[in-house]
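Numbering (the UniProt record's numbering), first residue to last: 1 to 717.
A quick write-up on the structure given underneath.
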Amino acid sequence: MAERSFAREVEKLRLGDGEEFAGEGILAITKALLQCGVGYVGGYQGAPISHLMDVLADAQDILGELGVHFEASASEATATAMLAASVHYPIRGAATFKSTVGTNVASDALANLASGGVTGGALLIVGEDYGEGSSIMQERSHAFAMKSQVWLLDPRPNLPSIVKAVEDGFELSEASNTPVMLEVRIRCCHVHGKFTAKDNKRPEMTVADALETPRRDTGRIVLPPASFLHEKEKVAKRWPAAVDFIKSRKINEFFGPDHGAIGIVMQGGMYNAVIRALQRLGLADAYGETDIPLYVLNAVYPLIDDEFLSFCEGKDAVLVVEEGQPNYIEQAFAAMLHKAGRGTRLVGKEYLPMAGEYTGQVMLDGLGAFLRAEAPLLLSAEIRAPNKQDHGEEIPDLSKVVPGRPPGFCVGCPERPIFAATKLVEQELGRHHIASDIGCHLFSIMPPFELGATTMGYGLGPASASAFNSPDAKRRSISFVGDGGFWHNGLTSSIGNAVFNKNDGVIVIVDNFYSAATGGQDILSSRADNRTKATKHPITKAVEGMGVKWLRHIDRTYDVGKMQATLKEALTTEESGPKVIVASSECMLNRQRREKPLVAKAINNGERIVKPKFGVDEDICTGDHACMRLSGCPSLSVKSLDDPLRDDPVASIDQNCVGCGNCGEVADAAVLCPSFYRADVVHNPSGWDRFLDRTRSRVIAFLQRRRERSRLVFADA
Numbered sequence: 001m002a003e004r005s006f007a008r009e010v011e012k013l014r015l016g017d018g019e020e021f022a023g024e025g026i027l028a029i030t031k032a033l034l035q036c037g038v039g040y041v042g043g044y045q046g047a048p049i050s051h052l053m054d055v056l057a058d059a060q061d062i063l064g065e066l067g068v069h070f071e072a073s074a075s076e077a078t079a080t081a082m083l084a085a086s087v088h089y090p091i092r093g094a095a096t097f098k099s100t101v102g103t104n105v106a107s108d109a110l111a112n113l114a115s116g117g118v119t120g121g122a123l124l125i126v127g128e129d130y131g132e133g134s135s136i137m138q139e140r141s142h143a144f145a146m147k148s149q150v151w152l153l154d155p156r157p158n159l160p161s162i163v164k165a166v167e168d169g170f171e172l173s174e175a176s177n178t179p180v181m182l183e184v185r186i187r188c189c190h191v192h193g194k195f196t197a198k199d200n201k202r203p204e205m206t207v208a209d210a211l212e213t214p215r216r217d218t219g220r221i222v223l224p225p226a227s228f229l230h231e232k233e234k235v236a237k238r239w240p241a242a243v244d245f246i247k248s249r250k251i252n253e254f255f256g257p258d259h260g261a262i263g264i265v266m267q268g269g270m271y272n273a274v275i276r277a278l279q280r281l282g283l284a285d286a287y288g289e290t291d292i293p294l295y296v297l298n299a300v301y302p303l304i305d306d307e308f309l310s311f312c313e314g315k316d317a318v319l320v321v322e323e324g325q326p327n328y329i330e331q332a333f334a335a336m337l338h339k340a341g342r343g344t345r346l347v348g349k350e351y352l353p354m355a356g357e358y359t360g361q362v363m364l365d366g367l368g369a370f371l372r373a374e375a376p377l378l379l380s381a382e383i384r385a386p387n388k389q390d391h392g393e394e395i396p397d398l399s400k401v402v403p404g405r406p407p408g409f410c411v412g413c414p415e416r417p418i419f420a421a422t423k424l425v426e427q428e429l430g431r432h433h434i435a436s437d438i439g440c441h442l443f444s445i446m447p448p449f450e451l452g453a454t455t456m457g458y459g460l461g462p463a464s465a466s467a468f469n470s471p472d473a474k475r476r477s478i479s480f481v482g483d484g485g486f487w488h489n490g491l492t493s494s495i496g497n498a499v500f501n502k503n504d505g506v507i508v509i510v511d512n513f514y515s516a517a518t519g520g521q522d523i524l525s526s527r528a529d530n531r532t533k534a535t536k537h538p539i540t541k542a543v544e545g546m547g548v549k550w551l552r553h554i555d556r557t558y559d560v561g562k563m564q565a566t567l568k569e570a571l572t573t574e575e576s577g578p579k580v581i582v583a584s585s586e587c588m589l590n591r592q593r594r595e596k597p598l599v600a601k602a603i604n605n606g607e608r609i610v611k612p613k614f615g616v617d618e619d620i621c622t623g624d625h626a627c628m629r630l631s632g633c634p635s636l637s638v639k640s641l642d643d644p645l646r647d648d649p650v651a652s653i654d655q656n657c658v659g660c661g662n663c664g665e666v667a668d669a670a671v672l673c674p675s676f677y678r679a680d681v682v683h684n685p686s687g688w689d690r691f692l693d694r695t696r697s698r699v700i701a702f703l704q705r706r707r708e709r710s711r712l713v714f715a716d717a
């Protein structure tokens with residue numbers, strides 16, 4: 001199951017010519033693919049593009065009617081390799097994944113695809129995840145486009161421009177026999193709007209048709225001497241064809257007056273932020289009418305010399321708005337001006353940050369500084385003063401007011417007890433080198449656990465600990481990998497590598513039944529039924545198949561004591577070779593999504609439902625908060641008592657508790673105070689339940705009265 005169902009929204013994909021399509025950017029991309037006659041789509045989930053995969057998964061019936069093949073690929077490399085179907089056949093294909101981590105994974109397939117070139121249109125839709133809100137290393141897709149000679153589109157963030165970019169991308173790919181990369185940023189993916197739909201097209205040739213008439217061209221296979229000829233073809237044929245197409249189709253856009261002393265050049269994805277900043281400076285309106293000439297690069301690679309030089313004609317200064325570093329576009333434009341002998345001053349990073357996301361405030365500050373320096377007469381007097389908001393007040397430094405919010409595990413997460421057990425083992429055996437991996441489990445590096453030294457890539461946690469498996473070592477390393485990373489890359493790169501090299505470390509496979517961090521999509525080991533995918537393939541059997549001899553499976557991670565004992569056994573056993581622990585419990589978020597509607601329906605139907613709730617006995621809690629240092633659950637907090645004899649706040653469980661029981665398990669395993677209790681909330685109680693409740697209440701009341709009488713007797717004495 002995915003994070004949410006798009007079953008209702010996908011019906012919009014059936015809209016025909018002339019009808020109005022309203023929705024999110026990702027849904028618009030899906031509709032554009034179908035309108036363009038795409039023959040097949042593959043991809044791997046990852047923010048901000050995950051929903052594209054989820055939409056396609058929910059649109060299986062529509063895809064089937066059109067003869068479109070869809071695959072949830074094993075990795076980004078798998079998805080890109082799928083585009084090989086467009087090398088010899090005139091079939092339009094698309095692959096989608098998160099960038100740049102996905103582009104890193106796909107780089108080998110991407111380089112080979114770009115070398116041989118394509119016959120049908122090949123489109124790579126990459127979710128550009130750059131900036132402070134990103135979950136990955138700060139890189140851009142631009143370098144990959146330049147390295148492999150793949151054309152890169154960066155559309156303006158509105159639905160008509162996004163849909164047009166998909167159409168242009170396929171046609172540009174076919175016109176130049178080159179794969180095209182379409183980068184859609186976070187705001188582009190999730191922007192809402194409208195566009196006029198067209199009829200969906202059945203592919204002129206489906207993948208099934210291609211199988212009936214196989215084709216091959218030795219000149220398209222990446223093998224010398226053809227591979228050298230490919231490089232010559234890129235420069236002599238494909239590049240000029242791409243430039244001609246971009247110019248003739250006017251993919252790049254010009255806004256504002258034809259002439260002016262200054263101008264602004266920007267990536268297409270920066271357009272909305274630029275217009276908003278100009279609006280706040282009084283130089284544009286909400287509809288995009290601007291007093292400053294703008295050159296919008298919906299195609300950021302290759303760049304068009306003629307267009308840029310023409311734009312610079314008669315201008316004293318031009319600002320390049322290019323998010324991220326290196327400033328590839330600014331460097332290329334500077335070279336164009338130099339070669340042409342033009343005197344226009346080109347600026348960019350002088351006024352805008354060299355790195356980081358160009359948020360609204362960053363853009364306002366940068367454009368304001370540029371205009372104050374290069375064209376102060378365009379600004380009103382009250383806007384010429386820097387560091388002011390629209391109404392002139394000083395901008396507060398929110399970093400000094402709002403506390404940082406580090407990532408952490410969700411309430412009831414089954415991965416939390418794994419790391420609590422690890423902390424308890426280290427308390428007994430000493431600290432170990434711990435290698436982390438990409439996924440929810442990476443949150444263990446943050447307080448309260450503070451475990452993990454490195455993370456080298458999805459599925460590479462155990463591989464990154466390989467160097468520490470020295471035969472002279474007296475202590476074993478510990479490494480973690482999630483079930484998503486395990487199937488993505490870890491089975492061979494981590495488990496197979498450890499077996500082959502006789503590594504002696506401990507590998508913990510965190511199995512929460514889904515690719516949870518990307519939205520809860522099913523994977524090979526998911527335990528749910530999936531009508532289009534094969535699930536229920538045990539991780540343990542795959543690990544055994546790779547040759548692992550020491551293997552333990554814990555099917556309930558909330559058993560902290562068992563988890564602790566198994567880890568200790570793995571770290572102290574005399575047996576050599578990799579020690580693998582598969583720790584399984586369902587992702588609590590997905591479990592709640594699955595169970596809550598069923599429970600609510602059962603309660604409404606009058607069925608008896610028991611829901612566990614946990615609490616803390618305030619009289620027993622010592623207030624040392626050790627339970628929190630081994631749990632970190634957001635529902636486990638503190639509260640102050642009215643008791644004047646107790647100054648320290650005690651532990652308290654709030655209403656967000658989902659009844660996983662981890663807090664009590666941790667307290668028991670760590671031999672902490674026994675202050676946690678469980679209470680079962682019974683909905684639609686039976687007659688027996690009511691009888692037991694009355695009996696318990698009477699017994700408790702009797703005991704309370706007896707204790708009170710004893711206290712009074714003691715006080716009188």
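Backbone N, C-alpha and C define an ideal beta-carbon position, used for all residues, glycine too.
Since the model is a prediction, treat every value here as computed from it, not as a measurement.
Opposing strand residues paired with Leu346 [DSSP bridges]: As a working note, residue 346 is residue 346 in the sequence shown. When beta bridges are read from the DSSP output, Leu346 appears opposite Val318.
Cβ-heavy atom distance between Cys660 and the ligand ATP below 7 Å? The model on display carries no ligand, and the ligand ATP is accordingly not part of it.
Can you tell me the Cα-Cα spacing of Cys189 and Asn158, whole angstroms? As a working note, residue 189 is residue 189 in the sequence shown. As a working note, residue 158 is residue 158 in the sequence shown. Spanning the two alpha carbons is a distance of roughly 10 Å.
Is the beta carbon of Asp511 sitting closer than 8 Å to the one on Asp483? Position 511 of the sequence shown, counted from the start, is the residue given in the question as residue 511. Position 483 of the sequence shown, counted from the start, is the residue given in the question as residue 483. Taking a C-beta distance under 8 Å as the contact criterion, Asp511 and Asp483 qualify as a contact pair.
Which residue's Cα is closest to the Cα of Ala84: Arg216, Ile292, Ile49 and Glu574? Position 84 of the sequence shown, counted from the first residue, corresponds to residue 84. Closest by alpha carbon: Arg216.
Over what stretch of residues does the beta strand (DSSP E) that includes Thr455 continue unbroken? As a working mapping, residue 455 is identified with position 455 in the sequence shown. Thr455: not part of any beta strand (DSSP E); DSSP gives it neither H nor E.
Thinking just about the alpha-carbon of each residue, which of Ile609, His230, Ala236 and Asn590 is nearest to the one in Pro685? Your numbering for residue 685 matches position 685 in the sequence shown. Nearest of Ile609, His230, Ala236 and Asn590 to Pro685, Cα basis: Ile609.
Short Cβ contact (8 Å threshold) for Ser584 with Thr566: The sequence position of residue 584 within the sequence shown is 584, counting from 1. The sequence position of residue 566 within the sequence shown is 566, counting from 1. No.
Give the secondary structure of Pro612 by DSSP, where H, G and I count as helix, E and B as strand, and everything else as coil. Position 612 of the sequence shown, counted from the start, is the residue given in the question as residue 612. DSSP places Pro612 in the strand class (E or B) of the three-state scheme.
In chain order, what residues of the same chain have a beta carbon less than 7 Å from the beta carbon of Gly348, not counting five sequence neighbours either side? Walking along the sequence shown from the start, residue 348 turns up at place 348. Excluding its 5 nearest sequence neighbours in each direction, Gly348 has C-beta neighbours in its own chain below 7 Å: Leu319, Val320, Glu322, Asn327 and Glu330, listed in chain order.
Assess, as a yes-or-no matter, whether the segment 645-664 is touched by the segment 447-462 under the definition of 3 or more beta carbon pairs within less than 8 Å. Taking 8 Å as the limit for Cβ pairs, the verdict is that the segment 645-664 does not touch the segment 447-462.
Out of Tyr458, Asn590 and Lys315, point me to the one whose CA is closest to Leu337's CA. As a working note, residue 337 is residue 337 in the sequence shown. Looking at the Cα atoms, Lys315 is the closest of the given residues.
Kindly give me the distance between the Cβ atoms of Ala340 and Leu309, rounded to whole angstroms, as I take these residues to be in contact under 8 Å. For the purposes of this step, residue 340 is taken as residue 340 along the sequence shown, with counting starting at 1. For the purposes of this step, residue 309 is taken as residue 309 along the sequence shown, with counting starting at 1. Confirmed, Cβ separation roughly 6 Å.
For His192, count neighbouring Cβ atoms within 10 angstroms of its own Cβ and tell me buried if that reaches 16, exposed if not. The residue you call residue 192 lines up with position 192 of the sequence shown. With fewer than 16 other Cβ atoms within 10 Å, it is exposed.
Between Gly39 and Val68, how many whole angstroms is the CB-CB distance? I'm expecting something under 8 Å. Within the sequence shown, residue 39 is the residue found at index 39, counting from 1. Within the sequence shown, residue 68 is the residue found at index 68, counting from 1. Val68 and Gly39 do touch by the CB rule: their CB atoms are close to 6 Å apart, below 8 Å.
Please determine, among Ser86, Ala95, Ala667 and Ala670, the residue with the shortest C-alpha to C-alpha distance to Thr78. Stepping through the sequence shown from its first residue, residue 78 is reached at position 78. The alpha carbon of Thr78 has as its nearest neighbour, out of Ser86, Ala95, Ala667 and Ala670, the alpha carbon of Ala95.
Where Tyr89 sits in the DSSP three-state scheme: Indexing the sequence shown from 1 puts residue 89 at position 89. Of the three classes helix, strand and coil, the one that applies to Tyr89 here is coil, per DSSP.
So if DSSP puts Gly482 in a beta bridge, which residue, or which two residues, is it bridged to? Looking up residue 482 in the sequence shown gives position 482. Note: Gly482 sits in a beta bridge opposite Val510.
Given that a residue counts as buried once 16 or more other Cβ atoms are within 10 Å of its Cβ, and exposed if not, what is Phe500? Taking the first residue of the sequence shown as 1, we reach residue 500 at position 500. Taking a 10 Å sphere around the C-beta of Phe500, we find fewer than 16 other C-beta atoms and assign the residue as exposed.
If we ignore side chains and look at the alpha-carbon of each, how far apart do Thr206 and Arg220 end up? Here residue 206 refers to the residue found at position 206 of the sequence shown. Here residue 220 refers to the residue found at position 220 of the sequence shown. One C-alpha to the other measures close to 21 Å.
If you pair each beta-carbon of the segment 435-453 with each one of the segment 476-494, do three or more pairs fall below 8 Å? Result yes; three or more Cβ-Cβ pairs closer than 8 Å.
Considering only residues of the UniProt domain "4Fe-4S ferredoxin-type" (612-644), which uninterrupted beta strand (DSSP E) runs meet the minimum length of 3 residues and lie entirely inside it, listed in chain order? Listed in chain order, they are 636-639.
Given 8 Å, three or more beta-carbon pairs between the segment 412-429 and the segment 595-608: With the cut-off at 8 Å, the segment 412-429 and the segment 595-608 do not touch.
Can you give me the C-alpha to C-alpha distance between Gly457 and Gln138, rounded to a whole angstrom? To locate residue 457, count along the sequence shown from 1; it is residue 457. To locate residue 138, count along the sequence shown from 1; it is residue 138. C-alpha of Gly457 to C-alpha of Gln138: approximately 14 Å in a straight line.
Nearest-angstrom Cα separation, counted from Gly260 out to His51: In the sequence shown, counting from the first residue as 1, residue 51 sits at position 51. In the sequence shown, counting from the first residue as 1, residue 260 sits at position 260. Straight through space, the alpha carbons of Gly260 and His51 are spaced by roughly 42 Å.
Burial state of Val150, where buried means 16 or more other Cβ atoms lie within 10 Å: To locate residue 150, count along the sequence shown from 1; it is residue 150. Buried, by the Cβ-count rule.
Beta strand (DSSP E) runs contained entirely in the segment 231-257, provided each spans 3 or more residues: Along the length of the segment 231-257, whole beta strand (DSSP E) runs at least 3 residues long occupy 253-255, reported in chain order.
In angstroms with no decimal places, state the Cα-to-Cα distance between Ser576 and Thr100. By 1-based counting over the sequence shown, the position of residue 576 is 576. By 1-based counting over the sequence shown, the position of residue 100 is 100. Whole-angstrom Cα-Cα distance: 38 Å.
If we call anything under 8 Å between Cβ atoms a contact, is Phe97 one with Tyr130? Here residue 97 is taken as the residue at index 97 of the sequence shown, counted from 1. Here residue 130 is taken as the residue at index 130 of the sequence shown, counted from 1. By the CB criterion at 8 Å, Phe97 and Tyr130 fall outside the cutoff.
What are the start and end residues of each continuous beta strand (DSSP E) run of 3 or more residues lying completely inside the segment 135-197, in chain order? Taken in chain order, the whole beta strand (DSSP E) runs of length 3 or more contained in the segment 135-197 are 151-153, 180-185 and 192-196.
Taking Gly615 as the reference, which of Val582, Ala335, Arg527 and Gln655 has the closest Cα? Within the sequence shown, numbered from 1, the residue matching residue 615 stands at position 615. Of Val582, Ala335, Arg527 and Gln655, the residue nearest in Cα terms is Gln655.
What are the uninterrupted segments assigned as beta strand (DSSP E) that are 3 or more residues long and contained completely in the segment 533-558, given in chain order? Counting only runs of 3 or more, we get 550-554.
By Cβ distance, which residues of its chain are closer than 8 Å to Pro406, with the 5 residues on each side in sequence left out? Counting from one through the sequence shown, the residue named residue 406 turns up at place 406. Spatial neighbours of Pro406 in its own chain (CB-CB distance under 8 Å, excluding positions within 5 residues in sequence) are listed in chain order as Met446 and Pro447.
Gly93 and Glu76: beta carbons closer than 8 Å? Translated into the one-based positions of the sequence shown, residue 93 becomes position 93. Translated into the one-based positions of the sequence shown, residue 76 becomes position 76. Their beta carbons are not under 8 Å apart, which means Gly93 does not touch Glu76 by this criterion.
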